[in-house]
Amino acid sequence: MIILRRLQEQDLTTRVAWLNTPSLVNNMSIQGEITLQGTQQWYERVSKIPNRYDVVLEEGGELMAMGGLTNYVEETRSIESYLFVNPQAQSKGLGTLILHQMVGFALSKLSCDNVFAYVMPSNTPSMRVHRKVGFQIVDNSAQQLFPISKENRDVLRVTPLSYNTKAVPSSTLQEVENLVL
Numbered sequence: 002m003i004i005l006r007r008l009q010e011q012d013l014t015t016r017v018a019w020l021n022t023p024s025l026v027n028n029m030s031i032q033g034e035i036t037l038q039g040t041q042q043w044y045e046r047v048s049k050i051p052n053r054y055d056v057v058l059e060e061g062g063e064l065m066a067m068g069g070l071t072n073y074v075e076e077t078r079s080i081e082s083y084l085f086v087n088p089q090a091q092s093k094g095l096g097t098l099i100l101h102q103m104v105g106f107a108l109s110k111l112s113c114d115n116v117f118a119y120v121m122p123s124n125t126p127s128m129r130v131h132r133k134v135g136f137q138i139v140d141n142s143a144q145q146l147f148p149i150s151k152e153n154r155d156v157l158r159v160t161p162l163s164y165n166t167k168a169v170p171s172s173t174l175q176e177v178e179n180l181v182l
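In this note's numbering, the protein residues as written are 2 to 182.
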């Protein structure tokens, strides 16, 4: 069974281990070593932010992916997404699954018009996942909808019109117990 649920404090040790894996950290905008203490402080702070959703994807009781919707901008009905997959479980469609579910939630339940992501152009697997879900690289005018920038990243956006509702097979979606979104 696949379960999508909110990030919990018990997940933080795994999060720290994954984020300190060179293949992940080299593609993220986090600087320096990630510690459990710092991650616990981050968790305490962000768990109180309205319209922020940090989630995990479990399969058979094992954590397989983590992601989130953050930095909601009410004026433009925009939100930022992030995701990363267990370094031992990449290329199995789990990144597509968690991103697909988060984007669907943002567009339908939060009534967002835009979901943004910041991806290093060299991160081919992440670019492929985002494009499969319907994200497209945006120009500077679209970037103004979401006033956050990150160096050396492509800005990608998915809208209700570009969202690929069929990015994940319906048979897989039927296996997901969605406890969050």
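Cβ coordinates follow ideal geometry from the N, Cα and C atoms, glycine included.
Identity of the residues DSSP links to M67 by a beta bridge: Translated into the one-based positions of the sequence shown, residue 67 becomes position 66. DSSP, once it has assigned bridges, lists V57, F85 as partnering M67.
With 16 other Cβ atoms within 10 Å as the buried cut-off, status of L157: Walking along the sequence shown from the start, residue 157 turns up at place 156. Result: buried.
Inter-residue CB distance, L58 and L98 (contact presumed, cutoff 8 Å): In the sequence shown, residue 58 corresponds to position 57, counting from 1. In the sequence shown, residue 98 corresponds to position 97, counting from 1. About 7 Å; that satisfies the 8 Å criterion.
Integer Cβ distance of L111 from N52, believed to fall under 8 Å: As a working mapping, residue 111 is identified with position 110 in the sequence shown. As a working mapping, residue 52 is identified with position 51 in the sequence shown. Yes, they are in contact, since the Cβ atoms of L111 and N52 sit about 7 Å apart, within 8 Å.
C-alpha gap between G94 and R132, whole angstroms: If you number the sequence shown from 1, residue 94 lands on position 93. If you number the sequence shown from 1, residue 132 lands on position 131. Looking at the two C-alpha atoms, the distance is approximately 13 Å.
Coarse secondary structure for Y44, derived from DSSP in three states: Taking the sequence shown and counting its residues from 1, one reaches residue 44 at position 43. Helix, per DSSP.
Extent of the continuous beta strand (DSSP E) run through R7: For the purposes of this step, residue 7 is identified with residue 6 of the sequence shown, where counting begins at 1. R7 -> beta strand (DSSP E) spans 3-7.
Own chain partners of G135 with C-beta closer than 6 Å, once the 5 adjacent residues on each side are dropped: Residue 135 sits at position 134 when you count from the first residue of the sequence shown. Result list for G135: V159, S163, Y164, N165, in chain order.
Whole-angstrom distance between D114 and P88, CA atom to CA atom: Against the sequence shown, residue 88 aligns to sequence position 87. Against the sequence shown, residue 114 aligns to sequence position 113. If you take the alpha carbons of P88 and D114, they lie about 31 Å apart.
Stretch pair the segment 98-107 + the segment 63-76: three plus CB contacts closer than 8 Å: yes
From Q41, E34, Y119, Q175, residue whose alpha carbon lies closest to that of E10: Taking the first residue of the sequence shown as position 1, residue 10 is located at position 9. Ranking Q41, E34, Y119, Q175 by Cα distance to E10 puts Q41 first.
Run of the alpha helix (DSSP H) containing R154, from where it starts to where it stops: The count along the sequence shown starts at 1 and reaches residue 154 at position 153. Segment: none, R154 is in no alpha helix (DSSP H) and carries neither H nor E.
Range covered by the beta strand (DSSP E) that runs through V177: Taking the sequence shown and counting its residues from 1, the one referred to as residue 177 is at position 176. Where V177 is concerned, the enclosing beta strand (DSSP E) stretches over 177-179.
Cβ shell of V120 (< 7 Å), same chain only, five flanking positions each side left out: Reading the sequence shown from its first residue, position 119 is the one you call residue 120. The beta carbon of V120 sits closer than 7 Å to those of S127, M128, H131, R154, D155, L157, all from its chain and outside the five residues before and after it, given in chain order.
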